[in-house]
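First to last, the protein sequences are chains A and B.
So the first sequence is numbered by the numbering used here: it starts at 1 and just counts up by one.
So the second sequence is numbered by the numbering used here: it starts at 1001 and just counts up by one.
Built from N, CA and C at the ideal position, the CB exists for glycine as well.
Remember, predicted model here, so these are calculated numbers, not experimental data.
Remarks on the structure that follows.
There are 2 protein chains.
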Amino acid sequence: MREFPFYNTRITGGFWKEKQDLVRNTTIYAVYDRFKDAGRFRAYDFNWEEGMPDQPHFFWDSDTAKMIESIACLTKLKKNAKLEKLADDIIKKICSHQDENGYFNVYYMTVDKDPSHRFATRDRHELYCLGHLIEAAIAYDDATGKDALLQFCFRFLDYVEQRFMIEKNAGFQTPGHEEIELALVRLYDYTGNKKYLKMASHFVDERGKREEGLTDWSHESYNQSHLPVRMQKTAEGHAVRAMYLYSAMADLALRTGDEELLEACKALYDNILTRRSYITGSIGQSSCGEAFTVDYDLPNMASYSETCAAIGLMMFSKRMMLFSADRKYADMIERLMYNGFISGLSLSGKAFFYENPLEIMPYFYKRNVSNTFKEHAPATVRKEYFGCSCCPPNITRVIPSIASYLYTEEDGVLYVHQFMKSVSTLEIGGKSVKITQKTAYPENGKVQITVKGSDLKLAVRVPGWCREYTGETAENGYAYMDVKDGETVTVNFPMKVHFIAANPRVLHDAGKVAVMRGPFVYCMEAVDNGEGIRNLKLNMRSRMKVVKNEELGVNVLVAKGFRPAYTGDALYREYTGEMTEQDIVLVPYYTFANRGESEMQVFTDHT
Amino acid sequence: MREFPFYNTRITGGFWKEKQDLVRNTTIYAVYDRFKDAGRFRAYDFNWEEGMPDQPHFFWDSDTAKMIESIACLTKLKKNAKLEKLADDIIKKICSHQDENGYFNVYYMTVDKDPSHRFATRDRHELYCLGHLIEAAIAYDDATGKDALLQFCFRFLDYVEQRFMIEKNAGFQTPGHEEIELALVRLYDYTGNKKYLKMASHFVDERGKREEGLTDWSHESYNQSHLPVRMQKTAEGHAVRAMYLYSAMADLALRTGDEELLEACKALYDNILTRRSYITGSIGQSSCGEAFTVDYDLPNMASYSETCAAIGLMMFSKRMMLFSADRKYADMIERLMYNGFISGLSLSGKAFFYENPLEIMPYFYKRNVSNTFKEHAPATVRKEYFGCSCCPPNITRVIPSIASYLYTEEDGVLYVHQFMKSVSTLEIGGKSVKITQKTAYPENGKVQITVKGSDLKLAVRVPGWCREYTGETAENGYAYMDVKDGETVTVNFPMKVHFIAANPRVLHDAGKVAVMRGPFVYCMEAVDNGEGIRNLKLNMRSRMKVVKNEELGVNVLVAKGFRPAYTGDALYREYTGEMTEQDIVLVPYYTFANRGESEMQVFTDHT
C-alpha cells in the first residue's frame, strides 16, 4: 500500500482543525517558551560552564529536533515567517558547532568534552538525538527548501558509519534508545541513497545479538536487546523505544520484503493489541522502566501510558496498515487519536501529560511516607514543562501531520481509514483526484465523501466500535464501494453509547465497565460527581443523555447511578446494601484533569 | 487495671492449644535450625572474618534474643531440658564476649570492630537489640532462675546510661528503632529499680525533639521522630517501630499518671483503629518504609502488614485496655489473634509470612521488567527463613504467652477479654481464684465460665463482630454478671456469617465486601475457585454452608456466586452481562497460601 503525505490534505473544520489551530497559535509557542526558559536553546551558544544553571542534557538535541520538525510541519501547511525564524536561528547555531569530524551532541561538546566519551556509553542517547535531527532536517528541507540541517546530518552520518560499521570502534553496537533506524529509512526515502537503508538495517539487525557483550539479559529487554529482533514475539521493555524499533522493523520489511521481519512485527503488534494495551490505546504498563510488563497486566492508576508511546504506536500501526488492509490497525490509530494520544495535551494547549493514567485518586499520591522511600505516581494535573520533555514537541509534530493517517492506496483502491472534515488532493493512477470529506465526525458518525477527477473504488473503514452500521462490510472491516467521478457517497456510523468490558484476565478491570461513544472513551471525575467516585455504580439500564458541557466545551454523557449509603465513622461495618441514587457525569477521557486535580476513573462499577 | 502473667493460665484444648503444641514441637526447632543454618549462633564464637559467609548483621542479636525469650516462655509452661540447653549455650557465649565496659553487639564486635563506631549511627539497632536482650533476660530468669543474661543486661545498661544520659556523647539521642523503652519498663517492673523507669522515660521524652539535629523531617517520621511524642496524633512511619514506641508510651503513662502521654496514646490508637488498619487488624500500608501512609489508604495487594507489626498492635492494645475497659481494645486483639497475626505462621508450623497482604495475584508479581527497575511485592508463599528474620521468633514468643491477653482485673471485677478452653489460677482480692473456660471457641460461640474460690463479678466481652448476642451489654461492650463461688455462667455468641463493607473512603475496597464468621475473616483462593477470582461475584442472597475442609483441617464456607462469561481472545469487547453460576469456597484468612501459590482476596465483588 501507498501512503500520502499529510500536506496533501487540508483539514477544514471540526476536532482536528481546532487542534491544529491550537498548536499553531498556542502550543508551539508554549513549548518554545518553556524550552527557552529551561536553557534548551541558550545551550547552543556553547558557553555553558560548570556551576551554571541549566546544564545541557544528552537528550536535549532530540527535543530541539522535534521542535524544529514541528515548525516544519506547521510551515508546510501554512507559511509562518516568525516560526521559521525561530527554527533558522537554532539550526544555524547547531550547524556552526558541528565537530569537523561530523559529530554533534550538546552534552558531549559542552559538559563532558572528552572526545573519548563520545559513543562510549550505550544509554546516552547520541544516536537517538541524531535520529530526531534527521527527521527534523528532512521535514525542514521539505517545508522550506533550506538544507543546512540536512547537510549537517549527512556529515554526521558519515562519521556514524565510520565508527559503527567500518572501524567498529564505538563502545556499543546499537543505540540504547532506538529512533535513528526509522529516521534512516525516512532519509533513504527522501534521498534515494541506499547507504541509509543499509545503515538502518545494520542497527536493526545487530540488536540483541550476543555481540552486545552484556550478560544481564533481563535488563536488556529494557531496550529490546534481549533477543535478535526477528526472534522477538512479545513487546518488551521501554515502550517508546519499542515502538520506534518496531516501526523501523516494519519500514525495513516493507522495503526489503523481509518476511521474517514482517512476521516478527505481526506477532509484536498482536501481542500489544490483544494483551498489552489500554482501552485508550496507550501502552507502557509500568513506571518501572516506563515499560511493558506481562500479558493482561493493565493497572489503571499505576499505568505509565506515556504520550510518546501512544505516538509510537500510531506510527507502528500505520506501518502495519501498509502491509494489509485490516481495520485493526486503523482502529488502534483512531483509539489513540481520540484518547491515549490527545489526552497528553490540555484543552488550553499549554500543558501536557507525560503519563496518561486511566485512574487518578489524588490521596493515593500523598501516601509516600518519606523522601527516602518513594513510590512512583503519575502527575495528577498537566504540566507546562518536564525535565524530560520529550512529549510536548512530539505532540506538536503529530497534530499538524495528523492527516497522514487518513488515506492509503493500493491497486487503484483508496482506503479511507479516518474521518475528518477535509479536502485532499491525491495522485491516484496517474490522475489528480480530489477527495472531500464532509462530516462532523467524531461528534456525529455521518460522513459524506465526494470524489472528483476520476472514478474510484473506495474502501471505507467501518470502525470497530460501531456495531450498528447497516451497510456491507468485508472481512477486513472495510466497506468497498465504487464511486463515479463527481459522485458523493454517504456512510453512517451511529454513535450509540457502549459499555465495554475488559477480558477477565485483566484483573484490574474485573467487574467493571468502561463507557464509549463513537471513538471516545469516557471517564468520570470527582469534580462532576463528588469525591469517592470508586464507590459509584453506573446504572446500566438507565438511558444516557448527551449534554454540552460549557466549561469543557465538549459533549459529555449524563447517566443514572448509585452511591452506597454509609453513616458513621467506622472503618469496617456490616454491609447494608443501602444506596442513594445520583446522576453520573462522564466526560471524554482526553478532557480529564482540565479543571484542577480531581479523582478520575475510566473503568467503573455498575449495577 | 491489673494484668495476669500468661503462665497463670493453662490452655487445655482448641485452637490455641494446637498452636502452642505446634510451636513447642515444631516451630521453635524450625526457627532454631534456620537460624543455625544462617550462622546466627556460630556468630557468637566471635571468629567471623572478612570473606567468610554469613557476615553477622547489626540486628542479629535481636533475633537471638527473641529466640531465647521464646524458649523461656515454652519452658515456663513446661520444663524442656533440650530447649533450655540450646538457650544456655547461646547465653553463655554472649555473656563471655561482653565488652568490659558492658557493651555488646555481634556486628560491632566481629565485623566493624572500631569502638568509635558504637552508638555512632542512629539506625544501627544497637539499642533495639539490647531491648530484646532485656526482655529475653527477664523471661529466662523468671522461667529458669538463671540470671546470667540479666546481669549482662544490667552491666550493658550502666554503659548505656553513661553514654546517653550522663556523658551524652553518643552519636544520637534516641534509638532509630524503638524497643528498649518498653523493655526498660518491663525491667523496672521485674526489678523494682526506678533507674530503668527513668531511662525509659528519657528515651521516650527525648524522641522528636529538635536536639536530634536532623533536618529531613519527612524522613524522621519513619522512626517517629517528626514531633515530640506527646504531640503525635497520627500513626506514622515504620509500623513495628511505632507500635513498640506507643506501647512504651502507654506503659509510662500507666506508671507515671502522665495524662498528656495517655492522650497521645488514645489519639494514636483511634487513628489506627478508625483510619489505618486492615480488617485483619494488620497495619503498615506500604512497603516503602514498611510504614503507615495516610488515612483510609489500605491497598490490599501492596499492603505491608508485617507480622511483627500485628504483634506490636496486640501489645499496644493490651496496654490501652489497662486504662479503661472498652471492648474496642480486646476486639482488636482478637481480630489480630485470629487473622493478621496468626496468618504469619503456616499450618505446618515451619514457614512464615513477613508480610500478610489481603490480596495475592501471582501474575502481578511477575511484572517487574528488569533487575534495574523493581517494584516491591510481598511473597506469595510462606518462607522458612528471611534475611531479616524478625517475625518467626516473635511468633514463637507470642503463642506460648497468648493467655496474657485473657483476663484483667479491676476493683474485684474480672474482665474476660478472650475465650479459649483453659484453666487459670488468678490472685484476686487476696484469694486464689480458679477460672475455667469450657468452650469450642472460636469454632463455636458458646462459652461456659466456672469460678471457684470466691464470689466474683465477671465482665465478659461481647465481641464486636457479634450482633446476635441476646444478653445485656454495658456501653463499653462488656456483659457484667455476678457469679457465686462454684457457679458456672454460660454466654453464647452466635456465629452467623456477616458481610462487612469498608468505609467508602477506603477506595481500595469500594463496591466490595469481606466475609466474617465469628472472629475469622475469610478469603477466597484460586486453588478452590479457579483462576481469576477477582471476577467472581458473591451472591449475597445465597445461604452459606459451613463445611470441614480435610486438606486444611479447618471449617470453610461454601457460598453461591457468579463468574462473568467471556468468550474469545479480545482484550476489550461489548459488555454482555452474561454470567455462569458457581460455588465459591471461602477459607479462613489465616490459612491462605498453605496449598502452594494461588490467587487470594479478602474483599470481593458481589451481587
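For residue j and residue i, the rounded distance between their alpha carbons
i: Ser-303 (chain A); j: Ala-310 (chain A); result: 13 angstroms
i: Ala-43 (chain A); j: Met-332 (chain A); result: 39 angstroms
i: Asp-147 (chain A); j: Glu-181 (chain A); result: 21 angstroms
i: Met-1544 (chain B); j: Tyr-1415 (chain B); result: 34 angstroms
i: Asn-1193 (chain B); j: Glu-1178 (chain B); result: 21 angstroms
i: Val-1587 (chain B); j: Ala-570 (chain A); result: 25 angstroms
i: Leu-1336 (chain B); j: His-1125 (chain B); result: 26 angstroms
i: Trp-1217 (chain B); j: Ser-1201 (chain B); result: For Trp-1217 (chain B), the predicted model reports a pLDDT of 42, less than 50, meaning its position is unreliable; a value from the coordinates is still stated below. Distance between the alpha carbons of Trp-1217 (chain B) and Ser-1201 (chain B): 23 angstroms.
i: Pro-53 (chain A); j: Asn-47 (chain A); result: 12 angstroms
i: Tyr-222 (chain A); j: Thr-174 (chain A); result: 14 angstroms
i: Phe-1119 (chain B); j: Cys-391 (chain A); result: 50 angstroms
i: Asp-205 (chain A); j: Met-231 (chain A); result: 11 angstroms
i: Leu-268 (chain A); j: Val-506 (chain A); result: 19 angstroms
i: Gly-471 (chain A); j: Ala-479 (chain A); result: 7 angstroms
Presumed contact (8 angstroms Cβ cut-off) between residue i and residue j, rounded CB distance
i: Pro-1519 (chain B); j: Pro-1393 (chain B); result: At roughly 25 angstroms, the Cβ-Cβ gap does not stay under 8 angstroms, so Pro-1519 (chain B) and Pro-1393 (chain B) are not in contact.
i: Ser-1454 (chain B); j: Lys-1431 (chain B); result: 5 angstroms
i: Glu-1003 (chain B); j: Thr-1408 (chain B); result: 5 angstroms
i: Ser-282 (chain A); j: Gly-340 (chain A); result: 3 angstroms
i: Trp-60 (chain A); j: Tyr-128 (chain A); result: Trp-60 (chain A) to Tyr-128 (chain A), Cβ: 11 angstroms. No contact.
Where residue i meets chain A, residues with beta-carbon distance less than 9 angstroms
i: Arg-1573 (chain B); result: Ile-500, Ala-501, Ala-502, Asn-503
Residue from the options whose Cα sits closest to the Cα of residue i
i: Glu-1410 (chain B); options: B:Leu-1345, B:Met-1321, B:Gly-1349, B:Thr-1436; result: B:Met-1321
i: Asp-1021 (chain B); options: B:Lys-1093, B:Leu-1074, B:Ser-1221; result: B:Leu-1074
i: Glu-525 (chain A); options: A:Lys-545, A:Glu-597, A:Asp-485; result: A:Glu-597
i: Ser-346 (chain A); options: A:Asn-47, A:Leu-187, A:Tyr-385, A:Val-515; result: A:Tyr-385
i: Val-451 (chain A); options: A:Leu-184, A:Val-433, A:Lys-233; result: A:Val-433
i: Gly-511 (chain A); options: B:Phe-1364, B:Asp-1326, B:His-1606, B:Ile-1090; result: B:His-1606
i: Ala-1379 (chain B); options: B:Val-1556, B:Met-1361, B:Ile-1395; result: B:Met-1361
i: Gly-1477 (chain B); options: B:Val-1489, B:Gly-1387, B:Ser-1287, B:Leu-1458; result: B:Leu-1458
i: Ala-237 (chain A); options: A:Gln-285, A:Asp-205, A:Met-199; result: Note that residue 237 (chain A) is Gly in the sequence shown, not Ala. Ranking the options by Cα distance to Gly-237 (chain A), first place goes to A:Gln-285.
i: Gly-1051 (chain B); options: B:Leu-1406, B:His-1498, B:Val-1111; result: B:Val-1111
i: Val-1513 (chain B); options: B:Cys-1153, B:Arg-1534, B:Gln-1173, B:Gln-1098; result: B:Arg-1534
i: Ser-1305 (chain B); options: B:Ser-1324, B:Ser-1277, B:Lys-1328; result: B:Ser-1277
i: Thr-27 (chain A); options: A:Gly-429, A:Lys-79, A:Ile-399, A:Pro-564; result: A:Ile-399
i: His-1226 (chain B); options: B:Ala-1239, B:Val-1240, B:Lys-1209; result: B:Lys-1209
i: Val-1554 (chain B); options: B:Asn-1539, B:Val-1585, B:Met-1579; result: B:Val-1585
i: Gly-1387 (chain B); options: B:Val-1413, B:Gln-1418, B:Phe-1353; result: B:Phe-1353
Test: residue i CB closer than 8 angstroms to a CB of chain D
i: Val-602 (chain A); result: Any reference to chain D falls outside this structure, whose protein chains are A and B.
Close beta carbons around residue i, own chain, < 6 angstroms, minus the five adjacent residues each side
i: Glu-1069 (chain B); result: Glu-1135, Ala-1136, Ala-1139, Arg-1397
i: Pro-113 (chain A); result: According to the sequence displayed, residue 113 (chain A) carries Lys and not Pro. Closer than 6 angstroms at the Cβ level, and outside the excluded window around Lys-113 (chain A), lies no residue.
i: Ala-30 (chain A); result: Lys-350
Nonlocal neighbours in the same chain, by C-beta distance under 7 angstroms from residue i, ignoring five residues either side
i: Asp-1258 (chain B); result: Leu-1252
i: Ile-500 (chain A); result: Ile-279, Val-513, Ala-514, Met-516
Listed by chain order, chain B residues near residue i by CB distance under 9 angstroms
i: Leu-268 (chain A); result: Neighbours of Leu-268 (chain A) on chain B: none; closest Cβ ~15 angstroms, over 9 angstroms.
i: Asp-528 (chain A); result: Ordered by position in chain B, no residue passes the 9 angstroms Cβ test against Asp-528 (chain A), which lies about 17 angstroms from the chain.
i: Arg-24 (chain A); result: Under the 9 angstroms cutoff, chain B gives no residues; its nearest Cβ is about 34 angstroms from Arg-24 (chain A).
i: Asp-326 (chain A); result: By Cβ distance, chain B contributes nothing, its closest Cβ being about 15 angstroms from Asp-326 (chain A), past 9 angstroms.
8 angstroms Cβ cut-off: residues of chain B touching residue i
i: Asn-535 (chain A); result: Pro-1504, Leu-1507, Ala-1510, Gly-1511
i: Gly-532 (chain A); result: Pro-1504, Arg-1505, Leu-1507, Ala-1510
i: Ile-360 (chain A); result: Here the premise fails: no neighbours, minimum Cβ distance about 11 angstroms.
i: Arg-275 (chain A); result: Leu-1571
Own chain residues within Cβ distance below 8 angstroms of residue i, not counting five before or after
i: Tyr-32 (chain A); result: Met-67, Leu-86
i: Val-1185 (chain B); result: Tyr-1196, Leu-1197, Ala-1200, Ala-1248, Asp-1251, Leu-1252, Arg-1255
i: Asp-142 (chain A); result: Ala-72, Lys-76, Tyr-190
Interface partners of residue i on chain A, CB under 7 angstroms
i: Ile-1279 (chain B); result: Tyr-572
Partner residues on chain A for residue i, Cβ-Cβ distance less than 8 angstroms
i: Tyr-1566 (chain B); result: Ala-501, Asn-503, Pro-504
i: Arg-1467 (chain B); result: Glu-574
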